[in-house]
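Novice: Structure below; questions to follow.
Numbering (the numbering used here), first residue to last: 647 to 1479.
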């Protein structure tokens, strides 16, 4: 106890004179409410001395986070914890003394003895100011060191039993103290060379400080050190220990500053004067070099680790290893480095040997196809056959499948179902509008912004070497001066070549032989012949009205109900309403517009349910006009009566089949032929061929020879704003011309399709299912079809052919006998081949 008193008496006189009668204020914070000025009142010297010497007296304590306060320091800080604020207020009600100790654990909100450093500082509270957000700003001045013995068990504030640490005096006035003072000043001068602001602020005060302990504390207070380093100086009560601690810190900080300065000088020699951003980046680069982390080695080492795990051919690995070596030699901030990094990442990401396990259960595949698609039985059969062959060969040598048909018939969704059925990753590549060869083969790396082609990018996206890759809209690719895109696809789709496909960007062979390619197209006529030859064509024909009805009832309605937040019982669309929507509000080969119409009904029903508090809505035929407006399409019904010079033809378009009415008028003239209705070149030739045939059989129909010289003929196809072309209107035009010349009416319930030769033979045509479907929709009863298309008619579903009388014709004589009213009574001998 006596030694404690001696230590207190040694420091007490220095503060008594300066504290008694001192007035405190804060001019810079005058906008805040000052709670307590902290004026130290005159005290009786004996009372103050007795208070300081009373070791048994406990002091209010504050645990500081991230801050260490030493004796002699005058500093202010903010307090927000309630216990800390109450401790300061308690100190002000007593003798202004408080014990400040630093937390070891920064996260502790209610620190105990084990959360703080044992050595702290006894300080005087000089000022308390309230600031917004329940924060108190406190100014204190450190007096002496103190050791925390324990914390009292209080709930309102921290209170600690403190052991006052006396300042050692055994070195005072000795030669050793003088040597230490000079040594520490020399070390500080070396440090101040690199931190001039700190040196200037302390230089004029160093000569006024005589004691070694005070000097060490003042240097520590004014140096920009971390709180843990300041705490190490505070904890060193012995002067020699304190001297060694601060000397080590000064030497270490000086060496760090010296290295930093050297780095800065080295960097300045490499960069231009005003490139500040580049200077900062290079500084970071050199620091990493000093630590052994710079010069792209961290990225390169990561690439090398991935290369070791990569399963690929030796050629590929050697290429990647070579590129990594080159990457190491490049500056990390150069543009070449980023290009090289992207190239290496692409090579490492490609699935050289990684595969997914295919599902060979065709029964499951069939179930998935039937679950997702109604109808299209022939398409499903062809797909399952192709899958069976592929499962047996296991070498990817099966032909590429191309699904060809009108828009909205489910080509893309079929491909998705196949991917699910075979347990393959699904990648879709849209080729619509692609005209640059580099989109397929990739860009060469010498170009700015080079990247791999879509095939390699799709393979990288899939992550396996055997995905299902859908080449969507393959008939929409085009070519220009940049290259022929369709020619670039030849190598991709050739089973004999694609096992070593070379992308311009990747530069090493990539095996595409295990990729299952499925292409889609609306029109095969737009696909170049060599490309078409590499694919197995599967026709996806138009849906019948019955198929559309079942698709709408079983799939589309449920999909739109879910999409619009409706439950099944909230909206019911009757079967008759669905059929009327198909007939009167849509005219398409697929079901996209049908789905949109059902979606429109769902949206309006949802609004009614919310606004009118309805629980359920049933849509019938009578209510369709309310939800969808007037019917947009009226059925193109057959004529009610037989007419002269008017024949119903059948046409196929990319969106399905249509009936085409051809009209012929004959009038006095000079034998000229007018063709109107935006006929294409092929259709114009069919008209000329038909006219030649009629002239050749004029005797059989008792037509005077001068008829063709004294009359003009006008052949017209209504809806003149719509372009029309194709090779299947020959027999229709010949029949209409003959009817107009002979005044023999054509049966209103007959429609026909087929091309004609000069000798009257009838040639086969395509798109038969769509044409017969259009004839049935128009109410036609009799359809004339080329004899050579008989096998195609057999493949058409019975529900389409029901109610139709289909006749197969080989020549125009047979056509006319079916088409003209009482044809036999008007024909002489007739001309048949």
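By construction, the Cβ of each residue, glycine as well, lies at the ideal position given by its N, Cα and C atoms.
Between which two residues does the beta strand (DSSP E) holding residue 1362 run?
Specialist: As a working note, residue 1362 is residue 716 in the chain shown. Start and end: 1357-1362.
Novice: For residue 1019 and residue 1060, which I take to be in contact (beta-carbon distance under 8 Å), what is that distance rounded to the nearest angstrom?
Specialist: Here residue 1019 refers to the residue found at position 373 of the chain shown. Here residue 1060 refers to the residue found at position 414 of the chain shown. That pair is a contact at about 6 Å.
Novice: Can you pull the DSSP bridge partners for residue 1072?
Specialist: Residue mapping note: residue 1072 aligns to position 426 of the chain shown, counting from 1. DSSP, once it has assigned bridges, lists 1114 as partnering residue 1072.
Novice: Return the bridge partner residues of residue 788 from the DSSP annotation.
Specialist: Locating residue 788 in the chain shown gives position 142, counting from the first residue. Answer is 769.
Novice: Thinking C-alpha only, which one of 1142, 989, 906 and 828 is nearest residue 646?
Specialist: This structure gives no information on residue 646, because the portion of the chain shown stretches from 647 to 1479.
Novice: What is the rounded straight-line gap between the Cα of residue 1420 and the Cα of residue 1295?
Specialist: The sequence position of residue 1420 within the chain shown is 774, counting from 1. The sequence position of residue 1295 within the chain shown is 649, counting from 1. Their backbone Cα atoms lie some 10 Å apart in a straight line.
Novice: What residue range does the beta strand (DSSP E) around residue 724 cover?
Specialist: Position 78 of the chain shown holds residue 724. Taken as a continuous stretch (DSSP letters only), the beta strand (DSSP E) holding residue 724 covers 720-725.
Novice: How long is the line joining the alpha carbons of residue 1067 and residue 1035, rounded to whole angstroms?
Specialist: The residue labelled residue 1067 in the question sits at position 421 within the chain shown. The residue labelled residue 1035 in the question sits at position 389 within the chain shown. Roughly 15 Å separates the two Cα atoms.
Novice: Which whole-angstrom value is the C-beta distance of residue 1229 and residue 1198, which I expect to be below 8 Å?
Specialist: The residue given as residue 1229 occupies position 583 in the chain shown. The residue given as residue 1198 occupies position 552 in the chain shown. Between residue 1198 and residue 1229 the Cβ distance is about 12 Å, and since that is not below 8 Å, they are no contact.
Novice: Can you give the Cα-Cα distance for residue 959 and residue 953, rounded to whole angstroms?
Specialist: In the chain shown, the residue the question calls residue 959 occupies position 313. In the chain shown, the residue the question calls residue 953 occupies position 307. So the alpha carbons of these two residues sit roughly 12 Å apart.
Novice: Would you please state the rounded distance, in angstroms, between the beta carbons of residue 1080 and residue 1123? I believe it to be under 8 Å.
Specialist: For this step, residue 1080 is matched to residue 434 along the chain shown. For this step, residue 1123 is matched to residue 477 along the chain shown. With 8 Å as the limit, residue 1080 and residue 1123 qualify as a contact, their Cβ atoms being about 5 Å apart.
Novice: Residue 1441: buried (16+ other C-beta within 10 angstroms of its C-beta) or exposed?
Specialist: Here residue 1441 refers to the residue found at position 795 of the chain shown. Residue 1441 is exposed by the Cβ-count criterion.
Novice: Who are the Cβ neighbours of residue 1439 in its own chain at under 7 Å, not counting the five residues just before and after it?
Specialist: Working through the chain shown from its first residue, we reach residue 1439 at position 793. Taken in chain order, the residues that qualify are 1414, 1431 and 1452.
Novice: Is the number of C-beta pairs between the stretch 1241-1259 and the stretch 1349-1358 that are closer than 8 Å three or more?
Specialist: In short, these stretches do not touch, since the Cβ pair count stays below three.
Novice: Distance check for residue 867 and residue 719, CA to CA, integer angstroms please.
Specialist: Within the chain shown, numbered from 1, the residue matching residue 719 stands at position 73. Within the chain shown, numbered from 1, the residue matching residue 867 stands at position 221. So the two alpha carbons sit approximately 7 Å from each other.
Novice: Using the C-alpha atoms, what's the distance from residue 977 back to residue 1118?
Specialist: Residue mapping note: residue 1118 aligns to position 472 of the chain shown, counting from 1. Residue mapping note: residue 977 aligns to position 331 of the chain shown, counting from 1. Roughly 42 Å separates the two Cα atoms.
Novice: Can you grab the Cα-Cα spacing for the pair residue 1100 / residue 1005, in whole Å?
Specialist: Residue mapping note: residue 1100 aligns to position 454 of the chain shown, counting from 1. Residue mapping note: residue 1005 aligns to position 359 of the chain shown, counting from 1. Spanning the two alpha carbons is a distance of roughly 26 Å.
Novice: With a 10 Å radius around its C-beta and 16 neighbouring C-beta atoms as the bar for buried, classify residue 1232 as buried or exposed.
Specialist: Position 586 of the chain shown, counting from 1, holds the residue named residue 1232. Buried, because 16 or more other Cβ atoms sit within 10 Å of the Cβ of residue 1232.
Novice: Would the stretch 713-732 and the stretch 803-813 be scored as touching if the rule is three or more Cβ pairs under 8 Å?
Specialist: Result yes; three or more Cβ-Cβ pairs closer than 8 Å.
Novice: Residue ranges of each alpha helix (DSSP H) run of no fewer than 4 residues wholly in the stretch 1376-1437, ordered along the chain?
Specialist: DSSP runs (the alpha helix (DSSP H)) wholly in the stretch 1376-1437: 1376-1388 and 1414-1423.
Novice: Return the chain-ordered ranges of every alpha helix (DSSP H) run that is complete within the stretch 1121-1161 and spans a minimum of 4 residues.
Specialist: With a minimum length of 4 residues, the continuous alpha helix (DSSP H) runs that stay inside the stretch 1121-1161 are 1131-1139.
Novice: With 16 other CB atoms within 10 Å as the buried threshold, where does residue 1227 fall?
Specialist: Your numbering for residue 1227 matches position 581 in the chain shown. Buried, by the Cβ-count rule.
Novice: The alpha helix (DSSP H) with residue 911 in it runs from where to where?
Specialist: Taking the first residue of the chain shown as 1, we reach residue 911 at position 265. That run of the alpha helix (DSSP H) goes 885-914.
Novice: Might you give, ordered along the chain, the residues of its own chain that have their beta carbon closer than 7 Å to the beta carbon of residue 831, omitting 5 neighbours on each side?
Specialist: Numbered from 1 along the chain shown, position 185 holds the residue referred to as residue 831. Cβ within range, chain order: 852.
Novice: Is residue 1292 closer than 8 Å to residue 1318 when the C-beta atoms are compared?
Specialist: Residue numbering aside, residue 1318 sits at position 672 when the chain shown is read from its first letter. Residue numbering aside, residue 1292 sits at position 646 when the chain shown is read from its first letter. In this structure, residue 1292 does not lie closer than 8 Å to residue 1318 by Cβ.
Novice: Can you give me the C-alpha to C-alpha distance between residue 740 and residue 769, rounded to a whole angstrom?
Specialist: As a working mapping, residue 740 is identified with position 94 in the chain shown. As a working mapping, residue 769 is identified with position 123 in the chain shown. Those two C-alpha atoms are separated by around 13 Å.
Novice: With distances taken Cα to Cα, identify the nearest neighbour of residue 903 among 838, 1140, 1297 and 1141.
Specialist: The residue given as residue 903 occupies position 257 in the chain shown. Ranking the options by Cα distance to residue 903, first place goes to 838.
Novice: Count the CB pairs spanning the stretch 876-886 and the stretch 706-719 that are closer than 8 Å, and state whether there are at least three.
Specialist: As far as the Cβ criterion goes, the stretch 876-886 touches the stretch 706-719, which means the pair count is three or higher.
Novice: Taking all protein chains shown into account, decide if residue 1240 is buried (16 or more other Cβ within 10 angstroms of its Cβ) or exposed.
Specialist: On the chain shown, residue 1240 is found 594 positions in, with the first residue counted as 1. Per the 10 Å Cβ criterion, buried.
Novice: Give me, in chain order, the residues of the same chain whose beta-carbon lies closer than 8 Å to that of residue 690; leave out the 5 immediate sequence neighbours on both sides.
Specialist: As a position in the chain shown, residue 690 is number 44, starting the count at 1. Any reading at residue 690 needs caution, since the residue's pLDDT is 37, under 50, leaving its predicted position unreliable; the model's value is listed next. Around residue 690: no qualifying Cβ.
Novice: Whole beta strand (DSSP E) runs in the stretch 1017-1069 with 3 or more residues, listed along the chain?
Specialist: Listed in chain order, the complete beta strand (DSSP E) runs (minimum 3 residues) inside the stretch 1017-1069 are 1046-1050.
Novice: Can the beta-carbon of residue 1161 be found less than 8 Å from the beta-carbon of residue 1115?
Specialist: Position 515 of the chain shown, counted from the first residue, corresponds to residue 1161. Position 469 of the chain shown, counted from the first residue, corresponds to residue 1115. Cβ distance < 8 Å, so residue 1161 and residue 1115 count as in contact.
Novice: Return the bridge partner residues of residue 1305 from the DSSP annotation.
Specialist: For the purposes of this step, residue 1305 is taken as the residue at position 659 of the chain shown. DSSP lists 1296 as partners of residue 1305.
Novice: Might you give, ordered along the chain, the residues of its own chain that have their beta carbon closer than 7 Å to the beta carbon of residue 764, omitting 5 neighbours on each side?
Specialist: Locating residue 764 in the chain shown gives position 118, counting from the first residue. These residues qualify, in order along the chain: 793 and 794.
Novice: Report the rounded CA-to-CA distance for residue 1210 versus residue 1242, giving the unit in angstroms.
Specialist: What you label residue 1210 is simply residue 564 of the chain shown in a count that begins at 1. What you label residue 1242 is simply residue 596 of the chain shown in a count that begins at 1. Whole-angstrom Cα-Cα distance: 12 Å.
Novice: Within the chosen definition, does the stretch 985-1000 reach the stretch 1169-1178 through at least 3 CB pairs nearer than 8 Å?
Specialist: Output reads no: the stretch 1169-1178 does not touch the stretch 985-1000.
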